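Asker: Chains as they are written, first to last, in my numbering: chain A, 1 to 298; chain B, 299 to 830.
The beta-carbon is built from N, C-alpha and C at its ideal position, and this holds for glycine as well.
Predicted, not measured: the structure shown is a model, and the values here were computed from it.
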């Protein structure tokens, strides 16, 4: 498995602010990698280092096997980037900008360009300021998806898109994956990440706090269980990994660590299960747990 | 009047944002005006010399076109004559910049939307912008009146008010233009174009009229219709220090009120962020393919405007050259002096040298504006996605720099060709005089590149550099500024052409200095983080 991106021990400070504090990141070639973190965690800073726009104070970064600062131009030939806030030139039409970015990258697939414009329902004749925020994003997305590159770096690319367009975006990312391209997707929309990403890295205050596949990460968290029993539940409180136990008559609600799920189910069935709902942990819970931890320690 | 709710808050906000800009523009203008009596005293110390000057102005159409008619031989009246048009133009530029900055600029960047969503009336922004311009004009009027009071309080007041009135008139013009276009840059350019037309109208009107009078003050001398079409003409027809015609101020007031009313009507009728001349759709497919082509696309309008302006300035000043030399030809004593200095050709040469020098100083503004497009692209976040493509920083920057440095050479060349059309003689030497300015212009441009490359946050200080160079070039000599300060300006080291000897030494040193500055700036750009 080759790595499209490897980052280790990245540090970057702006004046007194430590934006990146020993960040690690590995993105395998061909995967869609989710990049999560609260505002100000250092996501955009990391992406800008990967694009050679910022120079890291220390640490190592390799993008497609090269140094993103020293070999910026070579690396960029194989990268397409979509910022979270696209600014366009007032007097250039969307179509002109798409073609400009394509040519500056070294090629654009005209057929795909046309299809994408249609799928995203973009009017390429409008000029810079007359586009809404969502439409400006679409200009950058069409330019990125239509170019012939190996790695897509997307920084909260769907901000301002409506749900239908969000759907189109997700299909486009799926297609990129099928074509064997690598995608690094920084996002706040967890359903999007859950839907699309093979692996996820969560960062906080310039450090990576979790990284792995969604299944791996789910393993670290808890399942919610609600059950209606025939008899009175007992012995649940003493089982390992059970939290927030709430018993009201025959009704039980609890949270359980993934490792303890089996024991809980066995205990419940002893009292006779009438109904059972079990909700797997969402990425959101995972996410919130890390965010709240931050709140607790800061 | 709910449409004006919030004006007070916005005005304070505008003045807070302009706390540097307005004082600098007003200070430069005031300095230019207040230095003049002293300069004139040195040149025309006696009553006889001044009477002589009045005769020359009355008989010399070129001189009237260049500066305007004169109506009295007092130092005050001569001051108002000598700086009136230029101080008026400077006040007009101040007014138009302030108004566009607080109206169309705000809408174009989308900031207005947020402001308008607050408790802010539909016409409050425009009112607050015009009031900010009025504050700038008011302070200028106050300083000029106080500073020139020694020449006569009434005349000083008339002149101060006249300058403020020109400023406000163009502020209201800008207010109208800002309703018509969606681009602040275009609004500024168009209003400046109106100012240029006003200058030309006044110049043609004043040269056609019999001008001021040397014997019968106030008898009027026929002033041409063209003069009365130009607000810059009104300023001289106000006749400060020469039996002031106060009713001319009413003319200003009427025009300001009329234009202001029109701007108000327009502003009340359109949507925020929209304009009466809507943006046309563009091509669905683009042909731009390189960073250089993008830079050209972004700057070509400005290059075109500056080229046209410099060519026309060359034609106009070239056309006046012979006339100005005749000025001395008519005057026996002056002719003797100048013949000793090098004859008739000495005077034309001196005139041509000072005009080409002035255009060189103005070209410094072009190069700073052009170099700082890099800064504008970077801070507006438009550079980031471009540089995330296979475009090196140097390649990206060099596209803009070729336009900045090549463009400044181009506009000076066109000015030289303009002189060739308007004057027709000494084509080679005058062209050389124009082109030699480029060396100094490039040093200013190099400083802008250095600032941008090493300290992007303070890159706009390059405007301060251009302003200082302009100030040193225009008022430095008149103020008896020490030579050390004069030497700070690269323009002070240029050979005096035409007429003087071409000295390659200083020119080559300036070119080398410019190269070093640009190299240093680009090296800085390569090493630093992009500001985001």
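Give me the Cα-Cα distance between residue 700/B and residue 82/A, rounded to the nearest whole angstrom.
Answerer: Roughly 29 Å between the two C-alpha positions.
Asker: Which whole-angstrom value is the C-beta distance of residue 324/B and residue 441/B, which I expect to be below 8 Å?
Answerer: That belief holds up - the Cβ atoms of residue 324/B and residue 441/B are roughly 7 Å apart, short of 8 Å.
Asker: Inspect the beta-carbon positions of residue 472/B and residue 397/B and report whether they are closer than 7 Å.
Answerer: Against a cut-off of 7 Å, the Cβ pair of residue 397/B and residue 472/B comes out as a contact.
Asker: Determine which residues share a DSSP beta bridge with residue 153/A and list them.
Answerer: Per DSSP, 81/A, 184/A.
Asker: Rounded to whole angstroms, what's the CA-CA distance from residue 592/B to residue 64/A? Just pull it up for me.
Answerer: The alpha-carbon atoms of residue 592/B and residue 64/A are separated by roughly 28 Å.
Asker: Below 6 Å CB to CB, which residues in the same chain sit around residue 818/B once its five sequence neighbours on both sides are set aside?
Answerer: Excluding sequence neighbours, residue 818/B sits near 748.
Asker: Given this structure, state the Cα-to-Cα distance separating residue 369/B from residue 344/B, to the nearest angstrom.
Answerer: Cα-Cα distance, rounded: 17 Å.
Asker: Excluding sequence positions up to five away, which residues of its chain have a Cβ less than 7 Å from the Cβ of residue 111/A?
Answerer: Answer for residue 111/A: no residue qualifies.
Asker: Can you pull the chain A residues whose beta carbon is under 8 Å from the beta carbon of residue 586/B, in chain order?
Answerer: Neighbours of residue 586/B on chain A, chain order: 92, 96, 99, 100, 103.
Asker: Can residue 86/A be considered in contact with the ligand ZN, in the sense that its beta carbon sits closer than 6 Å to one or more heavy atoms?
Answerer: By its list of ligands, the structure shown contains no ligand whatsoever, and the ligand ZN lies outside what it can speak to.
Asker: Within 10 angstroms of its Cβ, does residue 667/B collect 16 or more other Cβ (buried), or is it exposed?
Answerer: The residue in question, residue 667/B, is buried, as its Cβ has 16 or more Cβ neighbours within 10 Å.
Asker: Is it the case that the region 700–716 of chain B contacts the region 784–799 of chain B, given that we only count it when at least three CB pairs across the two stretches are under 8 Å?
Answerer: Because the criterion of three Cβ pairs below 8 Å is not met, the region 784–799 of chain B and the region 700–716 of chain B do not touch.
Asker: Shortest alpha-carbon distance to residue 374/B belongs to which of 703/B, 451/B, 796/B, 406/B?
Answerer: Cα-wise, what sits closest to residue 374/B is 451/B.
Asker: When you compare only the Cα positions, how much space is there between residue 706/B and residue 148/A?
Answerer: For residue 706/B and residue 148/A, the distance between alpha carbons rounds to 39 Å.
Asker: From the DSSP secondary-structure annotation, give me the bridge partner or partners of residue 199/A.
Answerer: BP columns for residue 199/A point to 33/A, 213/A.
Asker: Could you name the residues of chain B that residue 181/A contacts, counting a contact when the two beta carbons are closer than 8 Å?
Answerer: Correct list: empty, because the minimum Cβ distance to chain B is about 16 Å.
Asker: Could you round the C-beta distance between residue 468/B and residue 390/B to whole angstroms and report it? I think they count as a contact, below 8 Å.
Answerer: That belief holds up - the Cβ atoms of residue 468/B and residue 390/B are roughly 4 Å apart, short of 8 Å.
Asker: Would residue 27/A count as contacting chain B if we go by Cβ distances under 7 Å?
Answerer: For residue 27/A, the answer is no, since every Cβ of chain B falls outside 7 Å of its Cβ.
Asker: Taking Cβ positions only, does residue 66/A come closer than 7 Å to chain B?
Answerer: Cβ-Cβ to chain B under 7 Å: no for residue 66/A.
Asker: Report the neighbours of residue 579/B on chain A: residues whose CB is nearer than 9 Å to its CB, in chain order.
Answerer: By Cβ distance, chain A contributes 93, 123, 125, 126, 127, 130.
Asker: Within the 7 Å Cβ cut-off, does residue 360/B reach chain A?
Answerer: Chain A, which has no Cβ nearer than 7 Å to the Cβ of residue 360/B, makes this no.
Asker: So residue 799/B is in the beta strand (DSSP E); what residue range does that whole segment cover?
Answerer: Where residue 799/B is concerned, there is no enclosing beta strand (DSSP E), given that its DSSP letter is neither H nor E.
Asker: Starting from residue 106/A, find everything on chain B with Cβ-Cβ shorter than 8 Å and list it in chain order.
Answerer: Near residue 106/A (Cβ distances below 8 Å), the residues of chain B are 688.
Asker: Which first and last residues belong to the beta strand (DSSP E) in which residue 255/A is found?
Answerer: Its beta strand (DSSP E) spans residues 251–257.
Asker: With 16 as the cutoff for other CB atoms within 10 Å, does residue 167/A come out buried or exposed?
Answerer: Burial call: exposed.
Asker: Specify the secondary structure class of residue 207/A as computed by DSSP and reduced to three states.
Answerer: Residue 207/A falls in the strand class under three-state DSSP.
Asker: With distances taken Cα to Cα, identify the nearest neighbour of residue 85/A among 157/A, 96/A, 128/A.
Answerer: If we check each option's Cα against that of residue 85/A, 157/A comes out closest.
Asker: Does the Cβ of residue 358/B have 16 or more other Cβ atoms within 10 Å, making it buried, or fewer, making it exposed?
Answerer: Label assigned to residue 358/B: buried.
Asker: What are the residues of the region 415–428 of chain B that lie near chain A, defined by any Cβ-Cβ distance shorter than 7 Å?
Answerer: Answer set for the region 415–428 of chain B: empty.
Asker: Specify the secondary structure class of residue 14/A as computed by DSSP and reduced to three states.
Answerer: Three-state result, residue 14/A: strand.
Asker: To the nearest angstrom, how far is the alpha carbon of residue 428/B from that of residue 461/B?
Answerer: Roughly 16 Å separates the two Cα atoms.
Asker: In chain A, what lies closer than 8 Å to residue 583/B by C-beta?
Answerer: Simply 95, 96, 99, 124.
Asker: Taking all protein chains shown into account, decide if residue 423/B is buried (16 or more other Cβ within 10 angstroms of its Cβ) or exposed.
Answerer: Its Cβ being crowded by 16 or more others within 10 Å, residue 423/B is buried.
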